[in-house]
Amino acid sequence: KPWFTDRRMSEELTIGPYHGEPVLYFSLPVSNSEGQHIGTVYAAVNLDWMKRALFKRLPGLPEGSQLILLDESQGMLSYDVDTGQWSIPDSLNPALLHKIGSRPSRTLSMPDEKDFMWIYAYTPLLNAFGKGQASIVLKIPEDVALSASNRIFTRNVVLLVLSALMAVLAIWWASDIFVLRGIRALVRASRELAAGDLGARAGKVGFCDELSHLAGVFDEMASSLQVRVEREEKVMASLQQSREQLRRLAY
Numbered sequence: 035k036p037w038f039t040d041r042r043m044s045e046e047l048t049i050g051p052y053h054g055e056p057v058l059y060f061s062l063p064v065s066n067s068e069g070q071h072i073g074t075v076y077a078a079v080n081l082d083w084m085k086r087a088l089f090k091r092l093p094g095l096p097e098g099s100q101l102i103l104l105d106e107s108q109g110m111l112s113y114d115v116d117t118g119q120w121s122i123p124d125s126l127n128p129a130l131l132h133k134i135g136s137r138p139s140r141t142l143s144m145p146d147e148k149d150f151m152w153i154y155a156y157t158p159l160l161n162a163f164g165k166g167q168a169s170i171v172l173k174i175p176e177d178v179a180l181s182a183s184n185r186i187f188t189r190n191v192v193l194l195v196l197s198a199l200m201a202v203l204a205i206w207w208a209s210d211i212f213v214l215r216g217i218r219a220l221v222r223a224s225r226e227l228a229a230g231d232l233g234a235r236a237g238k239v240g241f242c243d244e245l246s247h248l249a250g251v252f253d254e255m256a257s258s259l260q261v262r263v264e265r266e267e268k269v270m271a272s273l274q275q276s277r278e279q280l281r282r283l284a285y
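Numbering-wise, my numbering puts 124 at position 90 of the sequence shown, and it's gapless, one number per residue.
Next comes the structure, spelled out in structure tokens:
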């Protein structure tokens, strides 16, 4: 291939172009002690082998993810998780490339040319030869990356609504048991007393609280009123009897 012929005169490590085959080629010149070029060493890395060696440690990559290897020319190789294939990556957003070049490691969210949101995580790769700079970029759809968080958020909202509903029901039940029933008993007893039933009593209302104390005071008041009325009735009956006796004596 032309690339192999051209690399014979190269003086540095180079990486060959990707032609769609799962193989990546490298060339490294070899010089003698006098600095004269005596040959070129070529190496080929099978990307399928690298895929098995690398991605067996990353089994949890979400669907739709892409792993992109960037060199100084801002483009090299891309691995698609769904298809399991290597390819030449599409052109990335210039703003994203600027951020990758300006910061060594970062995670950010940016839209593509179709306004589809992606989450990017990138970090530089160590270069054993000290020449050039490469970065590895993990590209994940935002909706896929946040799907677990969205499910947890939805679940928490549902649990919060259910908890609030249960709290309202508990408050309603407690208010009916401890407050409303006692108030209804007091209202009923007061209406019966107003209607003339002196034996009306609220009875025991709730526990030892202000409402039960109020019910006790009401019953004491009703009892005192009943005793007073009964005494007045007895006095009135005695006076009526005395009048009748005086009337008979006068005749």
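Every residue gets a Cβ at the ideal spot worked out from N, C-alpha and C, and that includes glycine. All values derive from a computational prediction rather than experimental measurement.
On the DSSP letters alone, give me the boundaries of the alpha helix (DSSP H) that residue i sits inside.
i: Arg262; result: 244-284
i: Ser183; result: 181-209
i: Leu103; result: Counting along the chain, Leu103 falls outside any alpha helix (DSSP H), though it belongs to the beta strand (DSSP E) covering 100-104.
i: Ser224; result: 215-228
Taking the alpha-carbon of residue i as reference, which of the options has the nearest alpha-carbon?
i: Ala77; options: Pro63, Ser197, Gly69, Ser67; result: Pro63
i: Phe212; options: Leu159, Ser136, Ser246; result: Ser246
i: Gly118; options: Ala129, Ile102, Leu126, Ile186; result: Ile102
i: Pro96; options: Leu227, Glu176, Pro158, Asn66; result: Glu176
i: Ala223; options: Val202, Leu193, Ala256; result: Ala256
i: Val251; options: Gly237, Leu199, Arg282; result: Gly237
i: Phe150; options: Val263, Gly216, Val178, Ala204; result: Val178
i: Glu147; options: Ser136, Asn127, Arg137, Val261; result: Asn127
i: Val171; options: Ser183, Trp152, Thr188; result: Trp152
i: Val261; options: Glu278, Gln275, Pro145, Asp231; result: Asp231
i: Ala234; options: Ser258, His132, Val195, Ala284; result: Ser258
i: Ser318; options: Ser169, Ala271, Ile122; result: Since the displayed the chain opens at 35 and closes at 285, residue 318 lies outside it and no answer follows.
i: Ala249; options: Arg265, Ile217, Tyr156, Arg277; result: Ile217
i: Thr157; options: Leu180, Ser181, Ala182, Leu131; result: Leu131
i: Leu8; options: Asp114, Arg137, Asp253; result: Because residue 8 is not part of the residues shown, which for the chain are 35 to 285, the question remains open.
Here's the rule: buried if 16 or more other CB atoms are within 10 angstroms of the residue's CB, otherwise exposed. What is residue i?
i: Trp120; result: buried
i: Gln100; result: buried
i: Leu227; result: buried
i: Ser129; result: In the sequence on display, residue 129 carries Ala and not Ser. Under this definition Ala129 is an exposed residue.
i: Leu104; result: buried
i: Lys268; result: exposed
i: Ser280; result: At residue 280 the sequence reads Leu, which differs from the Ser that was named. By the 10 Å Cβ count, Leu280 comes out exposed.
i: Leu239; result: The question names Leu, yet the displayed sequence has Val at residue 239. Val239 is buried by the Cβ-count criterion.
i: Ile134; result: buried
i: Ile186; result: exposed
i: Ala284; result: exposed
i: Ser61; result: buried
i: Ile174; result: buried
i: Ser112; result: buried
i: Ala271; result: exposed
i: Ala198; result: exposed
Could you tell me which residues DSSP pairs with residue i in its beta bridges?
i: Arg140; result: Tyr156
i: Ile174; result: Ile153
i: Leu111; result: Leu103
i: His71; result: Ser65
i: Ala236; result: According to DSSP, Ala236 bridges with nothing at all.
i: Pro145; result: Met151
i: Ser125; result: DSSP output for Ser125 lists no bridge partner at all.
Could you please give the first and the last residue of the uninterrupted beta strand (DSSP E) stretch that includes residue i?
i: Ser121; result: 119-121
Please confirm whether residue i has its beta-carbon closer than 8 Å to some beta-carbon of chain C.
i: Ser258; result: Checking the listed chains, one finds no chain C in this structure; it contains a single protein chain.
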